[in-house]
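In the working numbering, the protein residues as written are 106 to 475.
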């Protein structure tokens with residue numbers, strides 16, 4: 106039975122040291138060797154202040170880094186943000202300020218190495234530093250996600266795919282969210298984190314994982330050796346069926362999770378986390394799928410009053426479904442694969458997922474439920 110530790114916590118460094126040092130001690134086997142290379146992989150999606158609930162809080166990362174530094178490890182903190190330079194993300198997220206006094210290296214992933222993650226994907230380019238580190242410490246953020254329902258421990262390692270290779274894999278997975286979930290899970294298996302910690306002190310609900318989401322205080326840290334078990338435990342503590350999580354189903358199909366998970370500690374009294382609606386990406390008779398995809402599926406929509414015409418959405422769109430350099434984003438919904446990357450990376454929260462009225466109505470017809 107896979108063990109997941111849950112502890113009440115707040116963003117106060119002495120509390121985090123106490124909680125995380127004890128937690129890591131109980132989950133770290135074998136002990137840390139002096140001089141070993143420890144890579145900490147937080148969620149640094151976009152430049153965002155910590156109180157937005159989008160990035161892993163820098164105080165959580167600082168406490169974890171201090172633990173390994175005290176045991177003689179060489180610590181690096183790395184990620185591959187979707188938007189903005191790594192330096193800008195560090196500055197706006199207060200990593201530069203809060204971790205600047207520690208002897209750690211903070212750098213973006215750069216070079217990749219090809220790793221065979223198994224069928225049906227084969228060889229995938231994954232950050233060399235993540236593959237070659239002695240230990241990867243995966244520190245995710247508890248957030249909702251418009252495509253995967255929640256982004257937790259398993260999905261966080263997708264950040265080990267460098268730069269614009271991430272939208273390429275979105276495009277190759279197409280509208281099949283379960284195929285994409287399997288990709289995420291097999292990448293996670295290849296990265297092999299020694300430990301997964303999820304910052305759930307301040308979570309993100311609604312249309313996460315970017316600036317369209319709403320911060321929600323939960324007040325908990327989750328940790329375990331097996332990320333799929335950590336993710337399942339989080340679902341259970343929030344009153345969510347883990348089987349609604351596509352990455353959970355993928356982990357079960359790959360034999361990466363035991364059932365049931367053993368939860369050790371304080372279960373937060375949190376209910377009613379606002380989740381995105383995971384409307385079907387395909388439904389009805391197969392011969393109608395082309396029409397359905399273009400006209401009836403939930404789609405990205407623009408709030409023109411918020412949009413600043415920065416162009417980050419069309420730069421990142423894997424399907425090239427957003428017209429570049431127009432006055433405001435213009436979508437080709439026939440091309441759109443409903444990955445919602447545009448919503449995820451928008452620096453201003455100007456995009457959201459919206460279900461079409463015809464789509465909502467027509468799926469109630471008997472012919473579309475066969």
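The beta-carbon is built from N, C-alpha and C at its ideal position, and this holds for glycine as well.
Treat the numbers as computed from the prediction; the structure is a model and nothing was measured.
{"query": "Residue 288 - DSSP class collapsed to helix/strand/coil", "result": "helix"}
{"query": "Beta-carbon proximity list for residue 371, same chain, < 8 Å, skipping 5 on both sides", "result": "111, 112, 113 and 325"}
{"query": "Delimiting residues of the beta strand (DSSP E) encompassing residue 181", "result": "179 to 184"}
{"query": "Three-state secondary structure (DSSP) of residue 263", "result": "helix"}
{"query": "Alpha-carbon spacing of residue 463 relative to residue 381, whole angstroms", "result": "19 Å"}
{"query": "At least 3 beta-carbon pairs within less than 8 Å: the stretch 347 to 359 vs the stretch 278 to 294", "result": "yes"}
{"query": "Ordered list of beta strand (DSSP E) runs contained in the stretch 188 to 234, each at least 3 residues", "result": "210 to 213, 217 to 221 and 228 to 232"}
{"query": "Beta-carbon gap between residue 242 and residue 143 smaller than 9 Å", "result": "yes"}
{"query": "Paired residues, beta bridge with residue 420 - DSSP", "result": "Residue 420 is not bridged to any residue."}
{"query": "Secondary structure of residue 369, DSSP reduced to three states", "result": "strand"}
{"query": "Beta-carbon proximity check, residue 151 vs residue 450, cutoff 9 Å", "result": "yes"}
{"query": "Coarse secondary structure for residue 294, derived from DSSP in three states", "result": "helix"}
{"query": "Cα-Cα separation between residue 178 and residue 129, rounded to whole angstroms", "result": "14 Å"}
{"query": "Between the CA atoms of residue 454 and residue 315 - distance to the nearest angstrom", "result": "7 Å"}
{"query": "Residue 414, enclosing alpha helix (DSSP H) - first and last residue", "result": "No alpha helix (DSSP H) contains residue 414, which DSSP labels as neither H nor E."}
{"query": "Exposed unless 16 or more other CB atoms sit within 10 angstroms - verdict on residue 172", "result": "buried"}
{"query": "Reduced DSSP secondary structure (H/G/I, E/B, other) of residue 159", "result": "coil"}
{"query": "DSSP beta-bridge partners of residue 300", "result": "242"}
{"query": "8 Å CB neighbourhood of residue 161 in its chain, flanking five on each side removed", "result": "147, 148, 149, 244, 245, 246 and 304"}
{"query": "Sequence-distant residues of the same chain with beta carbon closer than 8 Å to residue 174, five excluded per side", "result": "180, 207, 208 and 209"}
{"query": "DSSP-derived helix/strand/coil call for residue 172", "result": "helix"}
{"query": "Three-way DSSP call (helix, strand, coil) for residue 323 in this model", "result": "strand"}
{"query": "Burial state of residue 310, where buried means 16 or more other Cβ atoms lie within 10 Å", "result": "buried"}
{"query": "Selected residue, minimal CA-CA separation from residue 263, among 187, 312 and 193", "result": "187"}
{"query": "Rounded C-alpha distance that separates residue 383 from residue 260", "result": "17 Å"}
{"query": "Close-in-space but distant-in-sequence residues of the same chain around residue 281 (CB under 6 Å, 5 per side omitted)", "result": "none"}
{"query": "Residue 268 in three-state terms, based on DSSP", "result": "coil"}
{"query": "DSSP bridge partner residues for residue 310 (one or two, in chain order)", "result": "319"}
{"query": "Residue 458 in three-state terms, based on DSSP", "result": "strand"}
{"query": "Endpoints, the alpha helix (DSSP H) within which residue 256 is located", "result": "Per DSSP, residue 256 belongs to no alpha helix (DSSP H); it is in the beta strand (DSSP E), 254 to 256."}
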